[in-house]
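A.B. asks: Residue numbers (this note's numbering): 386 to 557. Ideal Cβ positions, reconstructed from N, Cα and C, are used throughout, including at glycine. Structure provided below as structure tokens; questions to follow.
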């Protein structure tokens with residue numbers, strides 16, 4: 386349970402039910418009702434190379450509301466292997482948040498998001514070359530501000546930031 390109305394300078398703590406992982410409860414990712422609308426728009430352009438059993442994704446654009454993501458890359462269809470990139474262009478945070486179905490954001494609905502957020506992600510995996518596994522992420526935030534639903538407390542504020550991480554797996 387969380388405290389009622391937070392006052393400026395205080396911290397509000399949300400506890401997850403013991404059966405739920407803490408991050409899932411905090412993010413509101415345990416809907417109590419089925420998700421009714423997962424609709425999105427897709428624009429897909431790819432080339433299939435039958436001899437090599439490869440699908441080259443030139444562009445897979447997924448959009449819901451004002452949120453957009455573009456996926457590009459290569460998928461091997463004869464084994465577990467792919468090299469994919471995803472780009473979410475800098476978008477107003479409130480538009481990104483509104484793109485999630487209400488059932489997935491019900492617990493945090495009413496929180497105000499200000500600013501923009503963007504993401505670039507690369508995931509590469511090949512079961513024949515596990516040592517080449519790659520996870521790269523780069524995100525940007527500008528004038529990002531999260532205000533609690535009572536508009537009392539600024540929970541997070543970032544003027545401008547870039548974040549980059551990279552994980553490369555090396556088998557022992």
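My output table needs one value for residue 507: the three-state DSSP class, helix, strand or coil.
C.D. replies: Here residue 507 sits in strand by DSSP.
A.B. asks: Have a look at the DSSP bridge pairing and note the partners of residue 456.
C.D. replies: Looking at the DSSP assignment, residue 456 forms a beta bridge with 445, 471.
A.B. asks: Excluding five sequence neighbours on each side, which residues of the same chain lie with their C-beta closer than 6 Å to the C-beta of residue 432?
C.D. replies: Only 441 meet the Cβ criterion.
A.B. asks: Count Cβ pairs between the region 495-511 and the region 522-534 that sit closer than 8 Å; are there 3 or more?
C.D. replies: The region 495-511 is in contact with the region 522-534.
A.B. asks: Using a 10 Å radius around the Cβ and a threshold of 16 neighbouring Cβ atoms, would you call residue 465 buried or exposed?
C.D. replies: Exposed, by the Cβ-count rule.
A.B. asks: I want to know whether the region 484-499 touches the region 454-474 - three or more CB-CB distances under 8 Å.
C.D. replies: Cβ pair count under 8 Å is below three, so no.
A.B. asks: Run the CB neighbour count on residue 481, radius 10 Å, all protein chains shown included, and call it buried at 16 or more, exposed below.
C.D. replies: Label assigned to residue 481: buried.
A.B. asks: Sort out for me which residues DSSP pairs residue 482 with in a bridge.
C.D. replies: BP columns for residue 482 are empty, so no partner.
A.B. asks: For residue 485, count the other beta carbons within 10 Å of its own beta carbon; 16 or more makes it buried, fewer makes it exposed. Which is it?
C.D. replies: So residue 485 ends up on the buried side.
A.B. asks: Should residue 439 and residue 430 be called a contact, given that it needs their Cβ atoms to be closer than 8 Å?
C.D. replies: No. Outside cutoff.
A.B. asks: Beta strand (DSSP E) containing residue 521: first to last residue?
C.D. replies: Looking at the DSSP string, the run of the beta strand (DSSP E) that includes residue 521 is 519-532.
A.B. asks: Following the continuous beta strand (DSSP E) through residue 428, name the residue where it begins and the one where it ends.
C.D. replies: 426-434 is the extent of the beta strand (DSSP E) around residue 428.
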